[in-house]
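Here's the structure, in structure tokens; my notes come after.
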Amino acid sequence: MEIKNFTDLLWNAQKKYMEDFGNRKESRFFAFRDMFGYFKKGQTIALIACGGIVDDMFLTMERIGREGKIILIDEDPAFLYNRALAILGNKRLNDRKEYYVKGKGKMILEKLFSEARIEAYTQRLPPYPKQVKDNSVDHIMAINAAYELMSPGPNGEPADTYNLILETYKKLRKHGSFMVQGLMIDDIELFKIHVERVIEKEGIRFVEDKSLVSNNFSVARGYWGRWVKG
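Going letter by letter, the sequence shown gives residues 2 to 231 in this note's numbering.
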């Protein structure tokens, strides 16, 4: 089935999401939204270990506009299909999950998202996709992923947290930031130790944003760490 006007459908879904978001009463949702306030119009944002939900993508779109670019990276082969499903529904996708996850439909979805300035890559980090160049990304965000970034992969492959952090630093532009969220504060504290180890061994200038410790960002659907490239 041919999918026409995907970019318009995507932005219409985003608009509806933001309208519904504005009707929410819980302060934690607005604190979560505030984390996206670091993003500016026209910037390039990478969402890593991002999963299949659309919240992060829609909130990023709200900040960077149509002229900005989003990079999605996740190791789950179904993550892009799940995002497309949330936008298009079963009817437009003809209820053909296998086709869009493993068949030619996967390339169709990647092309549709690319036309909307959203690049999607299915792989485990590190390394980053070769298309993502050094000094090319304004912010890199990993939502609810601190534990995942330190854990073995689905096939038992060990986590390479050290090189993940180092490669993330390289991809960022100067003054860009790496933002990581964890459900438990212990996850973030352990991830901070990993970052400090990379800073010490590599001599890179990656400055922790200490303000997150004492304000409402730290309880925005979990706990956050943020580092700025000097």
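The beta carbon of each residue, even a glycine, is placed where N, CA and C say it ideally should be.
Item, Value
"What are the uninterrupted segments assigned as beta strand (DSSP E) that are 3 or more residues long and contained completely in the stretch 42-126, given in chain order?", "45-49, 70-75, 119-123"
"Considering only their Cβ atoms, is the gap separating residue 101 from residue 117 smaller than 8 Å?", "no"
"If I measure Cβ to Cβ from residue 10 and keep anything under 7 Å in the same chain, skipping five residues before and after, which residues do I get?", "88, 89"
"Does the beta-carbon distance from residue 71 to residue 119 come in below 8 Å?", "yes"
"Just grab the DSSP bridge partners of residue 15 for me.", "Paired residues: none, contrary to the question."
"Let's test the definition: count the other Cβ atoms within 10 Å of the Cβ of residue 211 and tell me whether it reaches 16, buried, or not, exposed.", "exposed"
"Report, in whole angstroms, the separation of the C-beta atoms of residue 221 and residue 183, which I expect to be a contact under 8 Å.", "Rounded, the Cβ-Cβ distance is 12 Å, inconsistent with contact."
"By how many angstroms is the C-alpha of residue 45 removed from the C-alpha of residue 132?", "13 Å"
"Would the stretch 133-152 and the stretch 49-60 be scored as touching if the rule is three or more Cβ pairs under 8 Å?", "yes"
"What residues in its chain sit with their C-beta under 8 Å from that of residue 193, if we drop five residues either side in the sequence?", "209, 226"
"So who's on the other strand from residue 178, going by DSSP bridges?", "140, 229"
"If you follow the beta strand (DSSP E) that residue 37 is part of, which residue opens it and which one closes it?", "Segment: none, residue 37 is in no beta strand (DSSP E) and carries neither H nor E."
"Looking at the structure shown, is residue 223 part of a helix, part of a strand, or coil, going by DSSP?", "coil"
"I'd like the list of long-range same chain contacts for residue 165, defined as Cβ closer than 8 Å, with 5 residues on each side in sequence excluded.", "126, 127, 150"
"If you drop the 5 nearest sequence neighbours on each side, which residues of the same chain put their C-beta closer than 6 Å to that of residue 62?", "15"
"Which of helix, strand or coil does DSSP assign to residue 23?", "helix"
"Are the beta-carbon atoms of residue 103 and residue 78 separated by less than 8 Å?", "yes"
"List the residues that DSSP assigns as beta-bridge partners of residue 207.", "230"
"For a test of the three-state rule: what should DSSP assign to residue 173, helix, strand or coil?", "strand"
"What residue from 115, 174, 134, 207 has the CA that sits closest to residue 68's CA?", "115"
"So residue 147 is in the alpha helix (DSSP H); what residue range does that whole segment cover?", "147-150"
"Whole angstroms are fine: how far does the CA of residue 36 sit from the CA of residue 187?", "20 Å"
"Could you tell me the distance, in whole angstroms, from the CA atom of residue 82 to the CA atom of residue 98?", "7 Å"
"Would residue 246 and residue 177 be called neighbours here (beta carbons separated by less than 8 Å)?", "With the chain represented from 2 up to 231, any question about residue 246 goes unanswered, as that position is not in the structure."
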